[in-house]
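Protein chains in written order, with my numbering: chain A, 1 to 110; chain B, 1001 to 1112.
C-beta: ideal position from N, C-alpha, C; glycine also.
Quick caveat, the model's predicted, so the values are computed rather than measured.
The block underneath contains the structure these notes are about, expressed in structure tokens.
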């Protein structure tokens, strides 16, 4: 069974600071890993998708790395803004299903 | 990416009644639909996988007779919570199976 862990559970930073969110998974036999953003009471917005053969993906201020052999992914958000405040979830696809971490709740203070 | 809608966005019902949640894939033909449940401050838990025209596959611990899933067409899947109880209060989210997973906006169910 795939277990996904996200550390820290919560993070509060001043505006402008870089964010580092960690995700680890127990079974390295994954097809891909996806990072999502969830605002309170809302659905999920896909941020980045990393294929199992890739090492990283970038989109604007977001960069995600993947080390499949060690079962880790890191999401970097550069120059954080108050609008980045949300819960960030990572999910790994194994078999055909997605297995989610519990998320990291980020607060960016103005 | 795939555009997914859910209706209703929130619903309050009395204990013992049934509630139907609709999930529509607006620009994508979804052969397979995932249904998730999310309790407050917890992550998403997969409830079941439905395939168009066939019976849904339920995850361990999910009562198939309580959570009825119908996937009658490639653009519509429904989840019916039967004889709802307060412990069924949760956030229900659907997601069609695509390479990059997209999710509906969710339905907040409160059972009083």
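Query raised in the report: Counting along the chain, where does the beta strand (DSSP E) carrying residue 14 (chain A) start and finish?
Result: Here the question's residue 14 (chain A) lines up with position 14 in the first chain. 10–14 is the extent of the beta strand (DSSP E) around residue 14 (chain A).
- DSSP beta-bridge partners for residue 1024 (chain B)? On the second chain, position 24 is the one that residue 1024 (chain B) refers to. Residue 1024 (chain B) is bridged by DSSP to B:1005, B:1076.
inquiry  = Comparing C-alpha positions only, which one of B:1111, B:1105, B:1016, B:1080 sits nearest to residue 1064 (chain B)?
reply    = Here residue 1064 (chain B) refers to the residue found at position 64 when the second chain is read from its first residue. The candidate whose alpha carbon is nearest that of residue 1064 (chain B) is B:1080.
Give me the residue from B:1087, B:1027, B:1069, B:1082 with the minimum Cα distance to residue 1102 (chain B).
As a first step, residue 1102 (chain B) is located in the second chain; it is residue number 102 there, counting from the start. Checked all of B:1087, B:1027, B:1069, B:1082; the closest Cα to residue 1102 (chain B) is B:1027.
_Simplified DSSP assignment, three categories, for residue 82 (chain A)_ = Taking the first residue of the first chain as position 1, residue 82 (chain A) is located at position 82. In the structure shown, residue 82 (chain A) sits in a helix (DSSP, three-state: H, G or I).
Listed by chain order, chain A residues near residue 1104 (chain B) by CB distance under 7 Å: For the purposes of this step, residue 1104 (chain B) is identified with residue 104 of the second chain, where counting begins at 1. Going along chain A in sequence order, the residues near residue 1104 (chain B) (Cβ under 7 Å) are 43.
At a Cβ threshold of 7 Å, is residue 102 (chain A) touching chain B?
-> If you number the first chain from 1, residue 102 (chain A) lands on position 102. Output row for residue 102 (chain A): interface = yes.
Quiz prompt | Residues, ordered as in the chain, of the segment 14–37 of chain A that lie near chain B by beta-carbon distance below 7 Å | solution = 34
**Study point:** CB contact check: residue 1044 (chain B) to chain A, cutoff 7 Å
**Key:** One-based indexing of the second chain puts residue 1044 (chain B) at position 44. Answer yes: the Cβ-Cβ gap between residue 1044 (chain B) and chain A drops below 7 Å somewhere.
Range of the contiguous beta strand (DSSP E) that encloses residue 1091 (chain B): The residue labelled residue 1091 (chain B) in the question sits at position 91 within the second chain. Unbroken beta strand (DSSP E) run through residue 1091 (chain B): 1090–1096.
Flag residue 47 (chain A) as yes if its beta-carbon sits less than 7 Å from any beta-carbon of chain B, otherwise no.
In the first chain, residue 47 (chain A) corresponds to position 47, counting from 1. For residue 47 (chain A), the answer is no, since every Cβ of chain B falls outside 7 Å of its Cβ.
> Going along the chain, which residues of its own chain have a beta-carbon closer than 7 Å to the beta-carbon of residue 16 (chain A), five neighbours each way excluded?
Replying inline: For the purposes of this step, residue 16 (chain A) is taken as the residue at position 16 of the first chain. 79, 80.
Please report how far the alpha carbon of residue 32 (chain A) lies from the alpha carbon of residue 68 (chain A), in whole angstroms.
Here residue 32 (chain A) is taken as the residue at index 32 of the first chain, counted from 1. Here residue 68 (chain A) is taken as the residue at index 68 of the first chain, counted from 1. Taking the straight line from one Cα to the other gives about 9 Å.
- Helix, strand or coil for residue 56 (chain A) per DSSP? Working through the first chain from its first residue, we reach residue 56 (chain A) at position 56. Strand at residue 56 (chain A).
In chain order, what residues of the segment 1048–1062 of chain B put their CB closer than 8 Å to some CB of chain A? For the segment 1048–1062 of chain B, which is checked against every Cβ of chain A, the residues closer than 8 Å are 1049.
Mind reading off the beta-carbon distance from residue 96 (chain A) to residue 21 (chain A)? Whole number of angstroms is fine, and I expect it under 8 Å.
Residue numbering aside, residue 96 (chain A) sits at position 96 when the first chain is read from its first letter. Residue numbering aside, residue 21 (chain A) sits at position 21 when the first chain is read from its first letter. That belief does not hold up - the Cβ atoms of residue 96 (chain A) and residue 21 (chain A) are roughly 26 Å apart, past 8 Å.
Proximal chain A residues relative to residue 1097 (chain B), where beta-carbon distance stays under 9 Å:
In the second chain, the residue the question calls residue 1097 (chain B) occupies position 97. Chain A residues near residue 1097 (chain B): 96.
Leaving out five residues before and five after residue 1006 (chain B) in sequence, what residues of the same chain have Cβ atoms less than 7 Å from its Cβ?
Here residue 1006 (chain B) corresponds to residue number 6 of the second chain, with the count starting at 1. These residues qualify, in order along the chain: 1021, 1022, 1023, 1094, 1104, 1105, 1106, 1107.
Exercise for the section: Drop a sphere of 10 angstroms on the beta-carbon of residue 1002 (chain B), count the other beta-carbons inside from all chains shown, and report buried for 16 or more, exposed for fewer. Expected result: Within the second chain, residue 1002 (chain B) is the residue found at index 2, counting from 1. The residue is buried, with at least 16 neighbouring Cβ atoms inside 10 Å.
query: Would the beta-carbon of residue 92 (chain A) fall within 7 Å of that of residue 30 (chain A)?
result: As a working mapping, residue 92 (chain A) is identified with position 92 in the first chain. As a working mapping, residue 30 (chain A) is identified with position 30 in the first chain. Yes, they are a contact pair.
(request) Leaving out five residues on either side along the sequence, give the residues of the same chain with a beta carbon under 6 Å from the beta carbon of residue 112 (chain A). (result) Outside the displayed span of chain A (1 to 110) sits residue 112 (chain A), for which this structure offers no information.
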